[in-house]
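What follows is a single structure, written as structure tokens, with notes after it.
4 protein chains.
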Amino acid sequence: MSRLRVAVMPGPGAPVELREVPEPALETGSALLRVELSEVCGTDVALRDGRLAGVPYPIIPGHVSAGRLEKIRGTMTDLDGTPFREGDLITFLDVHRTCNSCWYCLVAKAATRCPRRKVYGITYGLADGLAGGWADALVLKPGTLCLRLGGGASGRFMAGGCSLPTALHAVERAEIAVGDTVLVLGSGPVGLSAVIVSLMRGAGTVLCIGAPAARLEAARAVGAAGTCDIAEHDAGGRLAWVQERTSGRGADVTIEATGAPEAVVQAMRCTRDAGRVVVAGQYADHGDASFNPHADLNRKHLEVRGCWGSDFSHFARAVGITADPERSRPWSRIPIARYGLDRAGQALDDVAARRVVKALIVPGGDSPA
Amino acid sequence: MSRLRVAVMPGPGAPVELREVPEPALETGSALLRVELSEVCGTDVALRDGRLAGVPYPIIPGHVSAGRLEKIRGTMTDLDGTPFREGDLITFLDVHRTCNSCWYCLVAKAATRCPRRKVYGITYGLADGLAGGWADALVLKPGTLCLRLGGGASGRFMAGGCSLPTALHAVERAEIAVGDTVLVLGSGPVGLSAVIVSLMRGAGTVLCIGAPAARLEAARAVGAAGTCDIAEHDAGGRLAWVQERTSGRGADVTIEATGAPEAVVQAMRCTRDAGRVVVAGQYADHGDASFNPHADLNRKHLEVRGCWGSDFSHFARAVGITADPERSRPWSRIPIARYGLDRAGQALDDVAARRVVKALIVPGGDSPA
Amino acid sequence: MSRLRVAVMPGPGAPVELREVPEPALETGSALLRVELSEVCGTDVALRDGRLAGVPYPIIPGHVSAGRLEKIRGTMTDLDGTPFREGDLITFLDVHRTCNSCWYCLVAKAATRCPRRKVYGITYGLADGLAGGWADALVLKPGTLCLRLGGGASGRFMAGGCSLPTALHAVERAEIAVGDTVLVLGSGPVGLSAVIVSLMRGAGTVLCIGAPAARLEAARAVGAAGTCDIAEHDAGGRLAWVQERTSGRGADVTIEATGAPEAVVQAMRCTRDAGRVVVAGQYADHGDASFNPHADLNRKHLEVRGCWGSDFSHFARAVGITADPERSRPWSRIPIARYGLDRAGQALDDVAARRVVKALIVPGGDSPA
Amino acid sequence: MSRLRVAVMPGPGAPVELREVPEPALETGSALLRVELSEVCGTDVALRDGRLAGVPYPIIPGHVSAGRLEKIRGTMTDLDGTPFREGDLITFLDVHRTCNSCWYCLVAKAATRCPRRKVYGITYGLADGLAGGWADALVLKPGTLCLRLGGGASGRFMAGGCSLPTALHAVERAEIAVGDTVLVLGSGPVGLSAVIVSLMRGAGTVLCIGAPAARLEAARAVGAAGTCDIAEHDAGGRLAWVQERTSGRGADVTIEATGAPEAVVQAMRCTRDAGRVVVAGQYADHGDASFNPHADLNRKHLEVRGCWGSDFSHFARAVGITADPERSRPWSRIPIARYGLDRAGQALDDVAARRVVKALIVPGGDSPA
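Protein chains in written order, with this note's numbering: chain X, 1 to 369; chain S, 370 to 738; chain B, 739 to 1107; chain W, 1108 to 1476.
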């Protein structure tokens, strides 16, 4: 058997290492996926910095990935029961099944809060096998939910990456009415996908507040009618900027995708009375925020909806959208920085510093950046 | 024409005065209502203390009232087009019509946020006529929405008073599933009505956290399965108290009805992941509260819904419920303190100090309290 | 090993036979349940008469049952992870897990339409093991979702039986507002549970149209404010009866639970404009019905919602409700006919002829009826 | 005062007449609107043929119209309170206010079922003044809800006409998820707008079944991914056509916009289990249809939603959409047949025979057709 290169985070705060491991034997129902593209996202930065609890270091990062099925042991079928074949280009849900037997799965029907869910590249560590995408190949465990990527779709899909189902979930929860003005706070990958999906879902106008300039330029390229740079406007200035564009009322819907605690309060203030705020940017604990329950919430008759993770429905819809070159064109306008496996650390640094808009690991490719 | 006694708040911070005014002439479509019961609620305390903006002092307080139609000029009809007759016992929506022509009324369909709504006893002052219930009689302006109160219903309805449609609105927004555990924060009139309506709406168990002891006793009398006194438990103790009763998960739904800003954050923490919080107790600005957007909202996949005011649908449902002696029995278990017009100031003091559970003005009656 | 008696339907149209089988060996994760009560419902009549497609005869009927865990192989845990013990009194979801991997389960989130679901007593036949409740004991397969029944709850729960989660699902889909008038068509077990659950869920008034007299008496006993006998009123008379009780408008919500195709059209006509109809009584094909799409549906701005089966959330809520003696008291007012295993055929005849309101098989008991 | 030409329907079944009337005096709050474009829709054909109940003949048809405010008496303001000025190009909601005081308006919140609503060109007759758009000018009564049409928007808006808010309402009720396959039955103006709005609202693919060829060509031009001609496929063939394009499951959502009763049943059969059908094409009584409640509704767990009329929110959103040339471009692809006032009868004949896709009356223009 051949040897495979994997990028490993040895522990919290430690730099990424490139290692070689033997290709593992495959149990029935599993498959070896030759990775073509794997994502670098904000969660990976938090992983490296040790800001997530319960991570089983050492770990191979890379939760959303695309690649070709190189070896299949037994039968793997798609949603409709059609078997996958070796050579198929696919992606897979990073959440390796929810338990479908606990109170959250079955009574609350809140599968993203299932306490037993396991996530490739995040809560599966090296001890669990080759379970992360920053590698020449990874092993798909039995029961992993896979989806085919048609011609050209893998590039568009991975330009969104995990931000795409996250944004779909956030927009689903936002209940945009046709013609609504949507405000997106944040211009990182989730923010950009939220701009695109909001427009696709009926928004009349999408405004985006974020930074730096290159990301705001991307926001406009994917459809934002206007952008506001947080480096140039303080909280009051941003609010005024929104009100000027919304008859003084504020946005009908605001989607928060920033990571900054105070942005949640800003979202409440920038939204019109009886509107909706979806909070999708607080994936790690960055501290507290202070708000006025009377003025910001109760008198406004506002709804504020936290939105955690995404489930297979969002993932399948994301793949479905990117199968259509016409409708998914905006994602091809997002500038991508590509890194070989050996430059994964650099990719993390660039993402952390917001020097790039979107970063992908290309295990088999060159490192042009 | 006879003279009528009215209780007047001359201005912010000034004590209530009893005055006499001549009975006014009635324009077509209006009516004189002989007041039998009028409410004293927390908003009236805020009115006296000058804590509400835009109040046109001097003002006759008393927004929700019941009485008999003494004189009708022209025709007044109910929802089904049946004319009212002099002598009918009725109540009326304190919101004197929303405009049905602004963006909030017609596009957002958020009539409680209509900027033109006028409220008897709150935003109508003495200059607008006899437009408050703390009086021998008041004048129903043309277009006021009135509802008949059947035999005995006026007592049950007024035991809820404005808290009843407020609680109905909050429970409507809470989307309780049959068998859910509902936590009510606050044991004042809105809290007590929220306990009753939650049970009526399918809650399996209702828990209530509040104070003082007499109000918690009332909460248990109206159906709360358990109560927790805030004087005896700090925030951590209250959270533990809830978790012990909810398999460690928290309540499915929490309805906040306290007036304390930090209670909104407590509500978020006492609610299970993917649950709902309805904020209905922040009717005046009592300051800021601090929360953790990651842990309290986003990771919990929580929904937090502000709930402002109520509309005619809630008012009509409230009157409908109290028409049924069996179903509305819990309201008859709420202890009522009754005050003559001359003791309105005392009523305000007692409500402010939480010395009584529910206070009513009885213009025509004795002052037994 | 001992021998167990089982009631078997050998094939479509054939009478039920009592057989003896050896107690089977148990695989890991399975358990032997000593049956205390098992249900006889309309589906069992359809099973005997061969009116359901895809039934793997011979079959042991009895899908919803209660009993004691006699032997457990390995570990079986409840929703919260607490292990069950031998001797525990339980019930279990008759649907032996949905696949959680098909398009209906994962994208449509319509688990009751999962094509791979298997149901004890209906789509599991004798070849699949002891998988029906009309028996001294049955075998719970690994992964069966079980719930404890507290003291006395088994009688209340089984008085509802499968009609209880079915009614809960129907009422969930009905979105009753507090104080609504609900019309229930049908006075069989599902109709009776729909009356109870509608009231529990906030209905102000519940009306019931059905037959025969004993079932209508039961409907009133469990809370219906009025009943109408279909033997005494034709379609026009029933509509007039409803309109007289609803200001001429019709019911806010109608729940159909009859089995008669024309009842679905009657439901549409008896419901007010912009109301909702839930169709939960058409579990077998009894032919076509004719309606007027303009007058019955489009002009009325009506919603008509089919409701198929129920999932674990409804089952768990049903068990939760019946754990509370106070709230579940109405089910104890439903008259129960009890039959020994040897009289299962008689039970089917009585259910088919509507001679009894609710029939239960009591394998270990006498046959008093 | 000058004289104005008006097209009048003298009574049921009688041909349209061109008459001249003196320009009327204007009461305070009213305005004279010089008509630029007025619509000819299926309802107008029903009006002429006497198939609508309660029409106060003689009547000036033309409910949705665009024109310039020629004379304003007093003040007319828009939603935000900004006054209109003479010369402004506007359109107005054909429903002249709902009563905002009946049970349907206030409790059911179903304003399109308000029994007191009055509609320009349909339930206002000549006796009510110049209240229809097939005229040189019409009189806007006090309280009419008007909206500005920006540069070029009037053409795009009127290419949709009344079909646009109707389609918006239908799509709102359809609750399309991003990526869903939507089936539109009918290729008339409502069907075409439903295709456009479904795509705008997130549909992944829209299929359209209708006739004749010119309308199906228009359906493809506005975005339908595939069309099926009812002249070439019977009911079974159409169902097969849909299943081939939907993995055999049927459409996620079907919007019926045909006028043929049996199309409602076809809609149910062409929709996947647990999907949604919106019925928006049964505006007049064309007879009954027969369906199977078990197979078509209950077992499918289907929702069927009647959708009547539209309210101001839909109208305002429609105007908002067509203000954006980019997003409303598809409407400019609908072929329009224009008719002078003198050729209104011909327009009706052409619409009735489906010889044109969309017909507009141009009172001030030529008659090129």
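Glycine is no exception: its CB is placed at the ideal position from the N, C-alpha and C atoms. All values reported here derive from a predicted model rather than from experimental measurement.
Self-check item: Rounded C-alpha distance that separates W:L1196 from W:E1363
Solution: Separation of W:L1196 and W:E1363 (C-alpha to C-alpha, rounded to the nearest whole angstrom) is 33 Å.
Quiz prompt | Stretch pair the stretch 883 to 898 of chain B + the stretch 910 to 921 of chain B: three plus CB contacts closer than 8 Å | solution = no
Quiz item: Quick one: any contact between the stretch 979 to 986 of chain B and the stretch 906 to 914 of chain B, if contact means 3 or more CB pairs under 8 Å?
Solution: no
Exercise. With a floor of 3 residues, list each beta strand (DSSP E) that falls wholly inside the stretch 512 to 556 of chain S, ordered by position along the chain.
Key: When DSSP assignments are scanned along the stretch 512 to 556 of chain S, the uninterrupted stretches of beta strand (DSSP E) that are 3 or more residues long and fall wholly within it turn out to be 515 to 517 and 550 to 554.
Practice problem: Answer with yes or no whether the minimum CB distance from S:R482 to chain X is below 7 Å. | Solution: yes
Quiz item: So what does X:I90 bridge to, in DSSP terms?
Solution: X:G67 and X:R148
Quiz item: Closer than 7 Å, CB to CB, is S:W503 near chain X or not?
Solution: no
Quiz item: Taking all protein chains shown into account, do 16 or more other C-beta atoms lie within 10 angstroms of the C-beta of X:E36, making it buried, or fewer, making it exposed?
Solution: buried
Quiz item: Can you give the Cα-Cα distance for W:V1386 and S:M445, rounded to whole angstroms?
Solution: So the two alpha carbons sit approximately 38 Å from each other.
Quiz item: Beta-carbon of W:A1217 versus every beta-carbon of chain B: anything under 7 Å?
Solution: yes
Quiz item: So, does the CB of X:S247 fall closer than 7 Å to a CB anywhere in chain W?
Solution: yes
Quiz item: If the cut is a Cβ gap below 8 Å, which residues of chain B does X:F312 touch?
Solution: L844 and V845
Practice problem: Answer yes or no: does any C-beta atom of chain B fall closer than 7 Å to that of W:Q1350? | Solution: no
Quiz item: Roughly how many whole angstroms lie between the Cα atoms of X:S371 and B:D818?
Solution: The structure shown does not extend to residue 371 of chain X, since chain X is modelled only from 1 to 369, so the question has no answer here.
Quiz item: Who are the neighbours of B:H1032 on chain W, taking C-beta pairs under 8 Å?
Solution: Within 8 Å Cβ-Cβ: P1368, Q1389, Y1390, A1391, D1392 and H1393.
Self-check item: X:Y339 in three-state terms, based on DSSP
Solution: Here X:Y339 carries a strand assignment [DSSP, helix/strand/coil].
Quiz item: Hey, is B:I810's beta-carbon within less than 7 Å of any beta-carbon in chain S?
Solution: No, B:I810 lies away from the interface with chain S (no Cβ there is under 7 Å from its Cβ).
Quiz item: By DSSP, does W:M1375 sit in helix, in strand, or in coil?
Solution: Note: W:M1375 maps to helix in three-state DSSP.
Self-check item: Beta-carbon proximity list for B:S892, same chain, < 7 Å, skipping 5 on both sides
Solution: E774, L775, A804 and L827
Quiz item: Taking only beta-carbon atoms, is B:L831 less than 7 Å away from chain W?
Solution: The Cβ of B:L831 sits no closer than 7 Å to any Cβ of chain W.
Quiz item: Which residues in the same chain as B:R738 place their Cβ atom closer than 7 Å to its Cβ, once the five residues preceding and following it in sequence are excluded?
Solution: Any property of residue 738 of chain B remains undetermined from this structure, which presents chain B solely from 739 to 1107.
Quiz item: Which residue from W:R1434, W:F1199, W:V1469 and W:L1455 puts its Cα closest to that of W:R1445?
Solution: W:V1469
Quiz prompt | Reduced DSSP secondary structure (H/G/I, E/B, other) of X:V40 | solution = Taken through DSSP and simplified to helix, strand or coil, X:V40 comes out as strand.
Quiz item: So, helix, strand or coil for S:I703, using DSSP?
Solution: coil
Practice problem: Residues of the stretch 1250 to 1262 of chain W with a CB closer than 8 Å to any CB of chain S: list them in chain order, please. | Solution: G1250 and L1252
Quiz prompt | The beta strand (DSSP E) enclosing S:S659, as first and last residue numbers | solution = A658 to F660
Quiz item: If you run the structure through DSSP and keep just helix, strand and coil, what is B:R766?
Solution: According to the sequence provided, residue 766 of chain B is Thr. The question's Arg does not apply to it. In this structure, B:T766 counts as coil in the three-state DSSP scheme.
Self-check item: Rounded separation between B:G961 and B:V933 - CA only
Solution: 7 Å
Exercise. Flag this pair as touching only if the stretch 1035 to 1050 of chain B and the stretch 1222 to 1232 of chain W have three or more C-beta atom pairs under 8 Å; answer yes or no.
Key: no
Quiz item: Along the chain, where does the beta strand (DSSP E) that runs through W:G1333 open and close?
Solution: G1333 to D1336
Quiz prompt | Residue from B:H1039, B:E808, B:P760 and B:G986 whose Cα sits closest to the Cα of B:L868 | solution = B:P760
Self-check item: CB contact check: W:E1410 to chain B, cutoff 7 Å
Solution: yes
Quiz item: Straight-line CA distance for X:G204 to W:R1308?
Solution: 10 Å
Quiz prompt | B:A908 versus B:L831, B:P821, B:R1007 and B:Q1020, residue with shortest Cα-Cα distance | solution = B:Q1020
Quiz item: What's the gap between the Cα of W:A1121 and the Cα of W:R1155?
Solution: 7 Å
Practice problem: List the residues of chain B that W:V1297 touches, going by C-beta distances under 8 Å, in chain order. | Solution: What W:V1297 touches in chain B: nothing, since even the nearest Cβ is about 12 Å away.
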